[in-house]
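Protein chains in written order, with our numbering: chain V, 2 to 201; chain D, 2 to 201. Cβ atoms here follow ideal geometry from the backbone N, Cα and C, with glycine treated the same way. All remarks here apply to the structure that follows.
Pasting the structure below:
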């Protein structure tokens, strides 16, 4: 084998199921998306799903991780972009979350929020994974707020973890409302109140 | 017939399906609760469902209204309780929403939020009804805020509808997180930030 020839490997059935499955679940919800829907979207035989995943729950846990390490994670990285002042990063993070809603006509919402509403009481492993991922998000926002405190943009007595938790859940709620109203207005409203009242 | 004898009518199959169906859907989610689950919980024959509801969607619209006119509506009434100062009403409303989460071990969350996450992209009539009910909630909060402005507890330039929208969506997000974490801490955090920062 010539080591200089790099061949892009064809995606495996497992990868196709994860990539297309994530898209289908994000659009339709985990409860609504059947295994048949997922394998059809991936263009693989139905048996392929059970070859690669011991259960729909195991598949659900993997797409949560894929989402978190993908687009969701790339938005979180904005919070650590030291080219911007800390509160500018926070604004850019909320704006990126809002702008992403326009993909798919705002109907998809946040995958984590959707899983929480429709699956957290049906699967303890999924609920626990959601809590972990939410915790990591809260931590990333809190570190950005701590940088704002260090730079003097927020008062020294700011409880960064508490405030980060409220910012995180308020964004989730605004994104849920955007999905109902098919409008980003709820996120814009939150952004104004965040900068005019909460962080002033 | 003797008009002095008042007989409490037995609940009809339709009423049983609505009451027990609301409970089952609130616990399991609309997508997860099958018609079979609902008629089993109601203790009525399966055919009874199709006798009374043209579709699961029609049933979903009715339980949304039942929820809104029931426990949800009684919480909204707190916002109009003139025995309390306006901002005390708002605090009591958030606290009542939090305390209600303890029923069912916090797993149920808010029926409107759950419907939004799991069903609003599958049914346009359900999405539209959710938007109406959310609009009525926002209006009730805004009127309470307007009363606070009138009493001098909030500045005259307060944009009551905007602020009401943010309070509403932030509560939804905090309730969603309570459902994930099985803890009312997210709602308590929001309550502190609301009174210490947003309304100060």
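- If the five residues before and after residue 96 (chain D) are omitted, its C-beta is found closer than 8 Å to the C-beta atoms of 192, all from its own chain and listed in chain order.
- Residue contact with chain V for residue 110 (chain D): present (Cβ-Cβ distance below 8 Å to some residue of chain V).
- C-alpha of residue 99 (chain D) to C-alpha of residue 58 (chain V): approximately 30 Å in a straight line.
- Of the residues assessed, residue 17 (chain D) falls on the buried side of the cut-off, its CB having 16 or more other CB atoms within 10 angstroms.
- Counting only Cβ-Cβ distances below 9 Å, residue 115 (chain V) has contacts in chain D at 118 and 119, in chain order.
- Judged by DSSP in its simplified three-state form, residue 174 (chain V) adopts helix.
- DSSP places residue 189 (chain D) in the helix class (H, G or I) of the three-state scheme.
- Pairwise C-beta distances place the segment 175-195 of chain V out of contact with the segment 143-163 of chain V, as fewer than three of them are shorter than 8 Å.
- At a C-beta separation below 7 Å, residue 131 (chain V) has these neighbours in chain D: 181.
- In the pairwise beta carbon analysis, the segment 30-50 of chain D is classified as touching the segment 111-123 of chain V: at least three pairs are separated by under 8 Å.
- Note that the segment 41-55 of chain D touches the segment 12-27 of chain D; at least 3 beta-carbon pairs, one per stretch, sit closer than 8 Å.
- Annotated three-state conformation of residue 100 (chain D) is helix, per DSSP.
- Residue 135 (chain D) has a beta carbon lying within less than 8 Å of a beta carbon in chain V.
- A straight line joining the alpha-carbon of residue 92 (chain V) with that of residue 187 (chain D) spans about 22 Å.
- If you check each beta-carbon in the segment 132-164 of chain V against every beta-carbon of chain D, the ones closer than 8 Å belong to 132, 135, 163 and 164.
- For the 8 Å CB-CB criterion, residue 169 (chain V) and residue 139 (chain V) form a contact.
- Neighbourhood of residue 177 (chain D) in chain V, by CB distance below 8 Å: 114, 117, 118, 170, 173, 174 and 177, in chain order.
- Residue 38 (chain V) and residue 82 (chain D) have their C-alpha atoms roughly 50 Å apart.
- Counting other Cβ atoms within 10 Å of its Cβ, residue 87 (chain D) reaches 16 or more and is therefore classed as buried.
- Taking the beta carbon of residue 167 (chain V) as reference, the chain D residues within 7 Å of it are 190, 191 and 194, listed in sequence order.
- For residue 119 (chain V), the enclosing alpha helix (DSSP H) has its first and last residue at 112-120.
- Against chain D, the beta carbon of residue 198 (chain V) has neighbours under 8 Å at 198 and 199, listed in chain order.
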